[in-house]
Amino acid sequence: MASKFQAPRGTFDILPGPARPRRRLERAAVEVFGRAGYEPIATPVFEDTDLFERGVGKSTDIVRKEMFTFEDKGGRSLTLRPEGTASVCRAYLEHGMQKLAQPVKLHYLGPFFRHERPQAGRYRQFHQLGVECIGTDSPLADAEVIMLLADLLAELGVPGVELRLGSLGSFEARRAYLEDLKAHLHAHEGELSKDVRERIDINPLRAFDSDDEGTRGVMASAPTIVEQLEGEDAEHFAEVRALLDATGVGYTIDPTLVRGLDYYTRTIFSFVCDRLGAQSEIGGGGRYDGLIEQLGGQPTPAVGFAAGIERILLALDEEVAEEGRDAFIAVAGPEQRQRATALAAELRHAGISAELDLAGRSFKSQLKHANRIGARRVLILEADGSAQLRDMETGEQRPADPGNLVEEMTGGEA
Ligand code: HAM
-16 MASKFQAPRG
-6 TFDILPGPAR
4 PRRRLERAAV
14 EVFGRAGYEP
24 IATPVFEDTD
34 LFERGVGKST
44 DIVRKEMFTF
54 EDKGGRSLTL
64 RPEGTASVCR
74 AYLEHGMQKL
84 AQPVKLHYLG
94 PFFRHERPQA
104 GRYRQFHQLG
114 VECIGTDSPL
124 ADAEVIMLLA
134 DLLAELGVPG
144 VELRLGSLGS
154 FEARRAYLED
164 LKAHLHAHEG
174 ELSKDVRERI
184 DINPLRAFDS
194 DDEGTRGVMA
204 SAPTIVEQLE
214 GEDAEHFAEV
224 RALLDATGVG
234 YTIDPTLVRG
244 LDYYTRTIFS
254 FVCDRLGAQS
264 EIGGGGRYDG
274 LIEQLGGQPT
284 PAVGFAAGIE
294 RILLALDEEV
304 AEEGRDAFIA
314 VAGPEQRQRA
324 TALAAELRHA
334 GISAELDLAG
344 RSFKSQLKHA
354 NRIGARRVLI
364 LEADGSAQLR
374 DMETGEQRPA
384 DPGNLVEEMT
394 GGEA
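Per the working numbering, residue -16 is the first one in the sequence shown, and the count goes up by one each step.
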């Protein structure tokens, strides 16, 4: 009878086959981020609910509708992390990282949780890889983190990627702009969708994200912050663009770009991929110069991004290649099992992937099994203590020196 249990809605199991391209991706990320001096950090998967309410923002969809919040046995309100930036900033403050040489450059990778309606590329438990560069307002840092994600996607060979770039200005500039935007939305209230209309004064920027036709019409003539940028905000944005131009990272300016988190200031960006359907954003981020202060620290500018691991994998749509083994140790009779076990351990210590039969198969089925798991060579331990080495690709077989089996395997090919 089939099991009645299933993974909860919006979650999935990562099975051994699909785990391989995922592992390749994770290794590539650690490599690319590490080469630029970003050190790994891991934070708990749950935090005080208040951290996300304050960090991500009470008016965002994430906090209003999508958090997995629960009370622990001590009556504390906890939330499964919906994103990583607030947690990393909390850790930065908690561990006094402002005393280290700045900026502090960190990268992370792990599961995140949002109670969204599941669809292709959108899950309730998903995985992100991300970087945060904390403690500098230099446009060099903005350009660096953008280049890191561009490099990673290029190194993995993700096709059809486009970078969209925008700027929200400083908090003050944004506040002034939001008044203009609200005025525009109020002037066209009758043409807006109910959802947007109800949130004009709470989160007017989200109107740019609406699929509603009437709203889209209103937004086509809405003022954008990019055209209103001035002074240091305008200079900062120009410098980020110049740095990207100089390094050959292609982008388009998108004055309507908005992001679903409240902490952004100045640069925001989004990498989209035309191979993905509705959930086309592979990754994105931006500058969040006010967040650390918001969480109780000194004013500390910072910039970062996160990318969805499942979305990158969907875009790559890779064949799950069999990994194969270096060696399989077959025994002609049960009396050789102990020797085979010891030998497998020795080979593994020497860095060779080796397996042996754990299921009591006949000699013939052991060879079949070796073939099925893609073993390149089979070491046959004969009942009389002699040994043979068989190359599974050519079918060639030759005697092996029973006293030097590890050397036989680590040395030249069979
Ligand atoms: P975010 O845009 O909310 O940003 O998420 C980053 C990425 O996570 C998205 O581009 C998408 O690829 C993936 N993602 C988000 N929600 C889901 C989901 N339900 N299912 C699958 N994938 C998803 C942040 O989280 C910010 N913390 C990024 C950041 C870091 N900004 C500055 N530093």
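Just so you know, even glycine gets a beta-carbon here, dropped at the ideal spot from N, CA and C.
Same chain, Cβ closer than 6 Å to residue i, neighbours up to 5 away in sequence not counted
i: G280; result: L76
i: G378; result: none
i: I275; result: C72, T283
i: D195; result: S176
Under 8 Å between C-beta atoms of residue i and residue j
i: V71; j: G268; result: no
i: H403; j: F16; result: Any property of residue 403 remains undetermined from this structure, which presents the chain solely from -16 to 397.
i: L151; j: P187; result: no
i: I24; j: T283; result: no
i: R107; j: T(-6); result: yes
i: L350; j: A383; result: no
i: E66; j: S60; result: no
i: G287; j: V114; result: yes
i: L146; j: A126; result: no
i: V46; j: E36; result: yes
i: G260; j: G104; result: yes
i: D374; j: G243; result: no
i: R359; j: E338; result: no
i: R258; j: A289; result: no
i: A328; j: E365; result: no
i: L8; j: I295; result: yes
Buried or exposed by the 16-neighbour rule on C-beta atoms within 10 Å, applied to residue i
i: H352; result: buried
i: A397; result: Note that A397 scores a pLDDT of 42, beneath 50, so its modelled location is shaky; the value from the coordinates is reported in the next line. Classification of A397: buried, given that the 10 Å Cβ count is 16 or more.
i: V389; result: exposed
i: A342; result: exposed
i: K88; result: buried
i: E293; result: buried
i: D300; result: exposed
i: D(-4); result: exposed
i: D120; result: buried
i: Q(-11); result: exposed
i: F252; result: buried
i: R(-8); result: exposed
i: G38; result: buried
i: L123; result: exposed
i: H78; result: exposed
i: H169; result: exposed
i: D216; result: buried
i: D367; result: exposed
i: S153; result: buried
i: L330; result: buried
i: P86; result: buried
i: L83; result: exposed
i: T230; result: exposed
As assigned by DSSP and simplified to three states, the class of residue i
i: D384; result: coil
i: D367; result: coil
i: Q(-11); result: coil
i: H169; result: helix
i: S121; result: coil
i: K88; result: strand
i: T43; result: coil
i: A205; result: coil
i: D340; result: coil
i: H110; result: strand
i: S263; result: coil
i: Q211; result: helix
i: F220; result: helix
i: Q281; result: coil
i: E396; result: With a pLDDT of 47 at E396, under the threshold of 50, the modelled position of this residue cannot be trusted; read the value that follows with caution. E396: coil per DSSP, three-state reduction.
i: V141; result: coil
i: G378; result: coil
i: P23; result: strand
i: E305; result: coil
i: L61; result: strand
i: D55; result: coil
i: D33; result: helix
i: G38; result: helix
i: P94; result: strand
i: T198; result: helix
i: I185; result: coil
Proximal residues to residue i (C-beta, below 8 Å), its chain only, five neighbours per side dropped
i: G200; result: E174
Residues near residue i by beta carbon distance below 7 Å, same chain, minus five either side
i: A333; result: V389, T393
i: L227; result: A126, I129, Y234
i: L326; result: I312, L388
At least three beta-carbon pairs within less than 8 Å, the region 305 to 315 to the region 133 to 150: no
The region 2 to 21 contacting the region 82 to 99, beta-carbon criterion three pairs below 8 Å: yes
Three CB pairs or more closer than 8 Å across the region 233 to 242 and the region 202 to 210: yes
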